[in-house]
Structure formats: structure tokens, C-alpha cells
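If you count the sequence shown from 1, position 327 lands on 331 in our numbering, and the numbers rise without skipping. Ideal placement from N, C-alpha and C gives every residue a C-beta, glycine not left out. A short write-up of the structure that comes next.
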Amino acid sequence: MITVIAARSRNRVIGIDDSLPWHLSSDLKRFKDLTMGHTVIMGRKTFESIGHALPNRHNIVITSDIHLDFEGIQLADTFQRAILLANLNKTEIFVIGGERIYESALNSPLVDAIELTLVNTRVENGDAFFPVTLPEHWTVVNEEVFCKDENNDYDYAFLRYERTHEWSRSGPLLYLPAARFDDQAGHMEEILNDGICPFCQQWLGWYHKNPTELETEHWIVTKNDNPYVGTLNDLLLIPKAHTENFLQLSEDEQIDFSVVIAETMRHFNLGHCALGMRSGDMSRTGGSVAHLHAHIKVGDTDNPDHQPIRFKMSSVPKQNKAPTSLH
Ligand SMILES: [Zn+2]
């Protein structure tokens, strides 16, 4: 088993001046727990930033200068040769960085998994980055989200990605052609590549800017981050558990849906409003986020220039459609 292990910011930064841009005790502990007793493969700069061989692990450093001599270190001139050396040991193999070694590893079909610590911050002056992991190639198979505390500078998450297999592939979590604004499209693409669902309760605080306005047993209400043109109120009603189709809601969640609509109208003092909801295949419904959600909208109808709100209820026509028969 060959695993890439890394910690990166939301904008993919892994380092500044050969050091980590944060202090996260939990990440250091997890790194130690996962790699202890196994083989670690790293680039020369990563090795120099650590300054010594990692104890109780087989250390392999990739460098073009294989005449270097460091205690407890084995040298290899390429990523492939490092893997060959590691395989002789019959231990698990962890690729621990930096940027160029991660690139070689993720391009290699030998690598099966990524153990990623995602740090909920954007680092503006980073000089080393983690490669983009496209959902076509990598799928999140496990996720744990944690809040910052005295030992951890930021909120963080442990994500395990494995190779995306044709047989295990589910539909996309976001549908980019449905974006209404350019910056919304960029934000959606970043989430899509992170491989997580932005409307699942544990991620809402990371990926959705507006706070929770109210919640019922099964639903959360928040303002739309990308309000529709002409709205006075643009609210999203989101089930707490991941659901992509109205028919997948439990009876309790369905009943609680009427409750959350009434609660929302009372909370925002809405005498009138419009309710819209899409369910299922986003390439047909006009939806942008697969996680089921309902829209409550109130138009700015006292404004003499008001144009009725344009809420898509189907998608743009599919390209390359099979010709339809006239009979
Ligand atoms: Zn979800």
C-alpha cells in the first residue's frame, strides 16, 4: 500500500520557507500514528527542513546527489527507485512531500490513497502547494471534521481519498454549468476538487459564508450566499443529513419540512413568499448542489424597476443528444 500523506490549506498551500504555516498538534500526532514503523519517502528539501531521520521509520530521501551521507537515511535518485527500495522492506509506504514529490506520487498508478489534513484557512504567501486532486481520479472515502482549540490553530479535517473507480462512481456533488456568477463558479470548482459536500452539516461552516438563521430537528435555514437578482429574502432550507432526492427523505424529515417552512415564515415575518425545490439529476433540474435544498424567495416588488425573479426549474439542453424519432 502506497499512501500520500499531507496537510494543506483551503488554497492548497503546504509550506512557506520550508516550514508549516500553522501549528496543529492533532495533525502531528496523526502523522506519527500513521507512519510509525513504516517507510517514509521524501524529497531532499523536506528532509533538510526536518533535519534528521524520522525515528522508528525507514527513511528514503529522493535526491539527484546520491553521494550525500546522512545517518539513518537511504537515498534514491527517482521516485520509482525509492518505491523499489521501500518494497524490499515489505512495510507500508508513505510519501510525505514536498510539492514535486507529491506530484510524482499522484501521477504514479502505484499510489492508492491520500491521507489529507485539510486546514480551514487560506494562506496568502505560501510558496509550496499540494497538487489539484480531480474528483474523476480521487474520491473522499472517509471524513472527520474538528474545531480549533488551544493545541490547534484552525478548524481542520482528516480526509482519506482513494482512487475513483468506474464501478464505485456516484454522481457529482456539484454541477458547474448551473453556476450563475463567475466567482460562484470558481468557488464551486474548488469544492468539487476537495471532493466534499458543502451542504452537509459538518461542512456548512467551512464552505457557506452566511450563518445558520434557525434550525429544526432535521433542517437548517441559512441565507443564500449567491442571492438571486431581485430578491428581498433569499433563504435556503437544507436537510442536515445528506440526501439528493426528495424521495430519500425519511417520513420524519418530510414532516419536519412543513415545520421548517412555517418556522421560517414566522422568523422572517413573511406574509408572502415563493417556494422552489429541485430533486435528483442536476444536469436536468437546473440545480447546482446535489444535496437536497429548498429555496424560499421574496421579490422586491415595491421597487418600480422590479423584474420577476428568474429561478431555473430545468437545465440547459444536453449536448450530443441522441436524435429523437418523429414517430
Ligand atoms: Zn451533503
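Pairwise C-alpha distance: Thr121 and Leu196: The alpha-carbon atoms of Leu196 and Thr121 are separated by roughly 17 Å.
Nearest CA to the CA of Leu177: which residue from Asn249, Asp238 and Asp131? Leu177 has its Cα closest to that of Asn249, out of Asn249, Asp238 and Asp131.
In this structure, what does DSSP give as the bridge partners for Asn156? Paired residues: Leu28 and Asp153.
Enumerate, from N- to C-terminal direction, the unbroken beta strand (DSSP E) stretches of 3 or more residues contained entirely within the region 25 to 73. Listed in chain order, they are 43 to 47 and 62 to 66.
One or two residues paired with Ile259 in a DSSP bridge: The partner list for Ile259 (beta bridge, DSSP) is empty, contrary to what the question assumes.
Let's test the definition: count the other Cβ atoms within 10 Å of the Cβ of Gly199 and tell me whether it reaches 16, buried, or not, exposed. Label assigned to Gly199: buried.
So does the region 178 to 189 actually touch the region 272 to 291, counting three or more Cβ pairs closer than 8 Å? Judged by Cβ distances under 8 Å, the region 178 to 189 makes contact with the region 272 to 291, as three or more pairs qualify.
For chain B, is any of its Cβ atoms less than 8 Å away from the one on Ile313? In the structure shown, chain B does not exist; there is a single protein chain.
Cα-Cα, which of Thr305, Asp131 and Asp229 is closest to Ser292? Among Thr305, Asp131 and Asp229, the Cα nearest to that of Ser292 is on Asp229.
Assuming Gly130 and Pro25 make a contact with CB atoms under 8 Å, what is their CB distance in whole Å? With a contact defined as Cβ atoms closer than 8 Å, Gly130 and Pro25 qualify at about 7 Å.
Would you say Cys201 touches ligand 1, meaning its beta carbon is less than 7 Å from a heavy atom? Yes, ligand 1 has a heavy atom inside 7 Å of this Cβ.
Using 10 angstroms around the beta-carbon of Thr82, count the other beta-carbons present and answer buried if the total reaches 16, otherwise exposed. So Thr82 ends up on the exposed side.
Since Glu128 is in the alpha helix (DSSP H), which residue starts that stretch and which ends it? Here Glu128 belongs to no alpha helix (DSSP H), and DSSP marks it neither H nor E.
Out of Glu221, Ser30 and Val144, point me to the one whose CA is closest to Phe259's CA. For the record, residue 259 in the displayed sequence is Ile; it is not Phe. Answer by Cα proximity: Glu221.
Given this structure, state the Cα-to-Cα distance separating Ala266 from Ile97, to the nearest angstrom. Ala266 and Ile97: Cα-Cα distance of roughly 55 Å.
Quickly, what does DSSP pair Met281 with across the bridge? List them, please. Under DSSP, Met281 shares a beta bridge with Ala298.
Measuring alpha carbon to alpha carbon, tell me which of Leu72, Met46, Asp73 and Asp69 ends up nearest His62. Ranking the options by Cα distance to His62, first place goes to Met46.
Residue range of the unbroken beta strand (DSSP E) whose run includes Trp210: Careful: Trp210 lies outside any beta strand (DSSP E), inside the alpha helix (DSSP H) at Gln205 to Tyr211.
Of the residues Val144, His295, Gly209 and Ile100, the one placed nearest Thr43, counting alpha carbons only: Ranked by how close their Cα comes to the Cα of Thr43, the residues Val144, His295, Gly209 and Ile100 have Ile100 in first place.
Taking its Cβ as the centre, do 16 or more other Cβ atoms sit within 10 Å of Lys301, making it buried, or is it exposed? Label assigned to Lys301: buried.
Roughly how many whole angstroms lie between the Cα atoms of Leu79 and Ala294? C-alpha separation (whole angstroms): 47 Å.
Given 7 Å as the limit, tell me if His295 has its C-beta closer than that to any heavy atom belonging to ligand 1. At least one heavy atom of ligand 1 sits closer than 7 Å to the Cβ of His295.
Give every residue of the same chain whose Cβ lies closer than 6 Å to the Cβ of Phe315, excluding the five residues on either side of it in the sequence, and list them in chain order. The residues are Gly280.
Boundaries of the beta strand (DSSP E) in which Asp187 is found, first to last residue: No beta strand (DSSP E) holds Asp187; the alpha helix (DSSP H) holding it covers Asp186 to Asp198.
Check whether the Cβ of His246 sits closer than 7 Å to any heavy atom of ligand 1, and report yes or no. His246: yes, Cβ under 7 Å from ligand 1.
From the DSSP output, in three-state form, read off Gln84 for me. Helix at Gln84.
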